[in-house]
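**Student:** For the sequence shown, the numbering used here gives the first residue as 1015, with consecutive numbering after it. Think of the CB as a built atom: it goes at the ideal place given N, C-alpha and C, for glycine as much as any other residue. From a predicted model like this one, the values you see are computed outputs, not experimental measurements. After the structure tokens below, expect a handful of questions from me.
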Amino acid sequence: MNHFFLGSAWLLFTLSTLVSAAPPNDIPPPQATPVTMTRAVQTTMISSTMVRGEVESPSTPHIAAKVSAEVDSIKVDEGMQVQSGQLLAALDDETFKISEEIASAEIQRLQILIENQQRILKRNKELFSKNLTSQSVLDDALTALKQSQAELIGTRAKLKEVRYQLSHTRVTSPVDGIIQQRTVSRGDYVKPGTLLFQIASTDSLRARLYFPETLAASVHLGMKVELTQGGKTVTGKVTHIRPMLEESNRALHALADFQNEGNWKPGSSIIARVILNEHTQAVAVPEKALVRRPAGMVLYRIKGDAVTEQVVTTDLKQGDLIEVTSGVSAGDSIVLDGATWLTDGARVEIQETGQ
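Here it is, written out as structure tokens:
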């Protein structure tokens, strides 16, 4: 009886050992996680912001009279296009012409007088060398000659002044532009400083942009801007920056020059898209491909039917894309949808390829 039980026990032990040593052929492999795939792309990443602004004319000269005279004629009116050097108005120049003739005649008289005084001085020197005249006579002749020469210099300066005044009886435009304002009429008597016209240059304009204080440190010369008004867009660059913020609203003023290709009007409001940063040949991935893990931001690169967890660093964001500055190269296959449920080395089943 004891031998029977001992034999049975040994048989059970042997069977259990064989069962436990048998390979687990019937255990299913880990189930693959369904995911979608995309690829890292190389593109230009731009960081931009929208600010408001106003259109200005870089040149808006106020044309004022430089002489006292009556307005003889007006050649232009408000809204007219003018060219640099074009006649805008003519002032009565008769008084200046008379003064010019008087000064010219006085110069001629003094030149004749000086020639005669030079002959007298020469003769007195000859007489003085022969002791036929006194030193005082010689000195008087020399003094008279110098006085006449000084008068000639003064009269020539007077003639130059008169001709300068005469030239300003013809009021001309200093720039190309449009007459913004006309403040005089024919028959008005004007004095130096009297405002006659205001001209606005419109071929080249500039935009005054208002940046909030939070962006002041990002504004720099040469920044690209896209200006939009009424569905029209032009491009320009920041050319001037005010050094101080406005006390009233803490805004930073920056000026961007541009060519007026759309008949824009100075004084109108605009919206500007300002390019804060631009990285060419940047590697970018869809933002939803990134997952935050204890190690940082990661994405999952696909190799065969498994994934590798890759820690990455990011920079600029543009739309749905985000720039990846390390950890991935352009063309790498990465998980798009389903990355949240993955771990390093997990098996995946690609359902579709994302764009």
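To the nearest angstrom, how far is the alpha carbon of residue 1169 from that of residue 1193?
**Tutor:** About 39 Å.
**Student:** Do the CB positions of residue 1342 and residue 1312 come within less than 8 Å of each other?
**Tutor:** No.
**Student:** With a 10 Å radius around its C-beta and 16 neighbouring C-beta atoms as the bar for buried, classify residue 1235 as buried or exposed.
**Tutor:** Exposed, because fewer than 16 other Cβ atoms sit within 10 Å of the Cβ of residue 1235.
**Student:** Going by CA-CA distance only, name the one from 1191, 1220, 1228 and 1116 that's closest to residue 1175.
**Tutor:** It is 1116 whose Cα lies nearest to the Cα of residue 1175.
**Student:** Am I right that residue 1271 and residue 1250 are in contact with their C-beta atoms under 8 Å? What's the rounded C-beta distance?
**Tutor:** Sure, about 6 Å apart at Cβ, within 8 Å.
**Student:** Please look up how many angstroms separate the CB atoms of residue 1065 and residue 1223, rounded, as I've assumed it's under 8 Å.
**Tutor:** 5 Å between Cβ atoms; contact.
**Student:** For residue 1337, count the other beta carbons within 10 Å of its own beta carbon; 16 or more makes it buried, fewer makes it exposed. Which is it?
**Tutor:** The residue in question, residue 1337, is buried, as its Cβ has 16 or more Cβ neighbours within 10 Å.
**Student:** Grab the span of the beta strand (DSSP E) containing residue 1136 for me, first residue to last.
**Tutor:** Here residue 1136 belongs to no beta strand (DSSP E); instead the alpha helix (DSSP H) covers 1108–1143.
**Student:** Which two residues bound the contiguous alpha helix (DSSP H) that contains residue 1161?
**Tutor:** Segment 1149–1181, the alpha helix (DSSP H) holding residue 1161.
**Student:** Can you tell me which of the three DSSP states residue 1229 falls into?
**Tutor:** The answer is helix: DSSP assigns residue 1229 an H, G or I state.
**Student:** Roughly how many whole angstroms lie between the Cα atoms of residue 1190 and residue 1281?
**Tutor:** Rounded to the nearest angstrom, the two C-alpha atoms are 18 Å apart.
**Student:** Please classify residue 1363: does DSSP put it in a helix, a strand, or coil?
**Tutor:** Residue 1363: strand per DSSP, three-state reduction.
**Student:** Give me the Cα-Cα distance between residue 1210 and residue 1242, rounded to the nearest whole angstrom.
**Tutor:** Taking the straight line from one Cα to the other gives about 34 Å.
**Student:** Within a Cβ cutoff of 8 Å, which residues of the same chain sit near residue 1262, ignoring the five residues on either side of it in sequence?
**Tutor:** Counting only Cβ-Cβ distances below 8 Å, and skipping sequence neighbours, we find nothing.
**Student:** By DSSP, does residue 1354 sit in helix, in strand, or in coil?
**Tutor:** Helix.
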